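The next block holds one structure in the form of structure tokens; read it before the comments.
Protein chains: 2
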Amino acid sequence: MTDQLMTIREMCDAFDVTARTLRFYEQKELISPIREGQKRLYTRKDRGRLKLILRGKRFGFSLEEIRQLLDLYSLGDGQTTQYLRTYEIAQKHLADLEARRDELNDVISDLKEQLQWGEQRLSQINEKDVSA
Amino acid sequence: MTDQLMTIREMCDAFDVTARTLRFYEQKELISPIREGQKRLYTRKDRGRLKLILRGKRFGFSLEEIRQLLDLYSLGDGQTTQYLRTYEIAQKHLADLEARRDELNDVISDLKEQLQWGEQRLSQINEKDVSA
DNA sequence: AGTGGTATTGACGCAAACGTAAAGGAACGT
DNA sequence: ACGTTCCTTTACGTTTGCGTCAATACCACT
Numbered sequence: 006m007t008d009q010l011m012t013i014r015e016m017c018d019a020f021d022v023t024a025r026t027l028r029f030y031e032q033k034e035l036i037s038p039i040r041e042g043q044k045r046l047y048t049r050k051d052r053g054r055l056k057l058i059l060r061g062k063r064f065g066f067s068l069e070e071i072r073q074l075l076d077l078y079s080l081g082d083g084q085t086t087q088y089l090r091t092y093e094i095a096q097k098h099l100a101d102l103e104a105r106r107d108e109l110n111d112v113i114s115d116l117k118e119q120l121q122w123g124e125q126r127l128s129q130i131n132e133k134d135v136s137a
Numbered sequence: 006m007t008d009q010l011m012t013i014r015e016m017c018d019a020f021d022v023t024a025r026t027l028r029f030y031e032q033k034e035l036i037s038p039i040r041e042g043q044k045r046l047y048t049r050k051d052r053g054r055l056k057l058i059l060r061g062k063r064f065g066f067s068l069e070e071i072r073q074l075l076d077l078y079s080l081g082d083g084q085t086t087q088y089l090r091t092y093e094i095a096q097k098h099l100a101d102l103e104a105r106r107d108e109l110n111d112v113i114s115d116l117k118e119q120l121q122w123g124e125q126r127l128s129q130i131n132e133k134d135v136s137a
């Protein structure tokens with residue numbers, strides 16, 4: 006299985022984060038590894054959550070916002086009582102993400118235009134250099 | 006024209022930021038409004054830059070990174086000596102942005118799956134309620 | 001018993017990105 | 001002249017997200 010337990014060091018190497026970071030996330034209740042005596046052991050679930058945390062950070066979410074998002078993925082076991090609310094929140098998040106993607110596409114288009122404009126200027130300069 | 010000059014308050018209202026934020030960005034040389042006596046007056050150019058700043062923040066860029074991106078858009082006047090370096094930086098940013106968009110699309114797909122899964126659970130519950 | 005490697009819990013430090021007074025100038029109406 | 005409103009600079013405070021010791025503990029060798 007992929008249910009391999011990993012030490013903190015293995016996690017650091019695998020995800021390119023420091024041990025301090027992992028303990029910090031744990032303190033903020035973003036992940037909750039098993040304790041074998043003193044040592045922490047990270048499960049597949051922890052790895053999944055960490056992956057989402059790092060993703061969230063890349064998109065400018067605060068750790069607190071990420072914690073809320075993580076809760077979305079951690080149901081399937083608990084009662085469905087609160088699920089309707091969660092569902093609505095998730096819908097909003099989805100809309101937000103899609104808006105972000107659209108905006109990101111716009112930014113990419115703009116940047117590409119700028120670069121093409123720059124390329125033309127560069128080629129003009131090169132022509133000058135050659136003809137001089 | 007849209008070359009209307011705006012006061013700091015008008016900017017705050019238009020972009021939903023505080024005056025402190027605008028002054029802070031100015032101190033960091035992200036924007037550079039005109040000075041009429043004591044007061045700041047923001048041009049169309051300033052508004053364009055602010056828009057990009059806020060966009061950048063939404064995607065998790067630091068202000069320092071945003072400053073570099075802004076420099077891309079503000080050439081066309083200065084020397085092209087440094088442009089090659091800037092061009093390379095821009096290429097990297099572009100690749101980064103496209104990777105982000107792809108990742109964002111993955112996240113959106115995942116979330117949609119989760120939601121559909123949730124919808125099925127909800128409809129099952131509703132059936133129970135009806136048959137009870 | 002000593003040495004080395006890895007983990008753990010504090011605790012303090014720090015940069016980024018502003019918030020929040022404090023104190024004062026400039027323009028305006030009355 | 002006075003109060004009000006809007007802006008200014010200066011400067012200290014705060015939160016987030018970790019970095020960086022310091023002291024301690026566990027385990028494996030030798």
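Residue numbers (the numbering used here), protein chains in the order written: chain W, 6 to 137; chain P, 6 to 137. Don't be surprised by glycine CBs; every beta carbon is placed ideally from N, CA and C. If you're wondering where the values come from, they're calculated on a predicted model, not measured in any experiment.
{"Item": "Any beta carbon of chain P sitting closer than 9 angstroms to that of W:Gln32?", "Value": "no"}
{"Item": "I'd like to know whether the C-beta atoms of W:Leu59 and W:Phe20 end up nearer to each other than 9 angstroms.", "Value": "yes"}
{"Item": "Below 8 angstroms on C-beta distance, what does W:Ile113 contact in chain P?", "Value": "Leu99, Leu102, Glu103, Arg106"}
{"Item": "Identify the contact partners of P:Phe64 in chain W, using a Cβ-Cβ distance below 9 angstroms as the criterion.", "Value": "Arg63, Phe64, Gly65, Arg105, Glu108, Leu109, Val112"}
{"Item": "Where in the region 32–73 of chain W do unbroken runs of the alpha helix (DSSP H), each at least 4 residues long, occur, reported from the N-terminal end onward?", "Value": "49–63"}
{"Item": "W:Leu116 and P:Leu77 - do their beta-carbons sit closer together than 9 angstroms?", "Value": "yes"}
{"Item": "Measuring only between beta-carbons, confirm whether W:Gly123 sits less than 9 angstroms from chain P.", "Value": "yes"}
{"Item": "Could you confirm whether any beta carbon from chain W is found closer than 9 angstroms to the beta carbon of P:Arg54?", "Value": "no"}
{"Item": "Measure how close the beta-carbons of P:Leu109 and W:Leu109 come, nearest whole angstrom, since I'm counting them as under 8 angstroms.", "Value": "7 angstroms"}
{"Item": "What number of angstroms, rounded off, separates the C-alpha of P:Glu41 from the C-alpha of P:Arg49?", "Value": "16 angstroms"}
{"Item": "Look at the alpha carbon of W:Arg45 and the alpha carbon of P:Arg106, and state the distance between them as a whole number of angstroms.", "Value": "34 angstroms"}
{"Item": "What does a CB cutoff of less than 8 angstroms around W:Leu10 pick up in its chain, not counting 5 residues either side in sequence?", "Value": "Ile39, Leu46, Tyr47, Thr48"}
{"Item": "Tell me the residue span of the alpha helix (DSSP H) that contains P:Asp18.", "Value": "13–20"}
{"Item": "For P:Leu10, which of helix, strand or coil comes out of DSSP?", "Value": "coil"}
{"Item": "Please return the same chain residues whose Cβ sits closer than 7 angstroms to the Cβ of W:Asp82, not counting the five positions on each side in sequence.", "Value": "Because W:Asp82 sits at a pLDDT of 48, beneath the cut-off of 50, its placement in the model cannot be relied upon, and the following sentence gives the value as read from the coordinates. Taken in chain order, the list of residues that qualify is empty."}
{"Item": "Would you identify the three-state DSSP class for W:Thr26, choosing helix, strand or coil?", "Value": "helix"}
{"Item": "Count the other CB atoms within 10 Å of the CB of W:Arg54; is the residue buried (16 or more) or exposed (fewer)?", "Value": "buried"}
{"Item": "Tell whether a beta-carbon distance below 9 angstroms holds between P:Tyr92 and W:Glu124.", "Value": "yes"}
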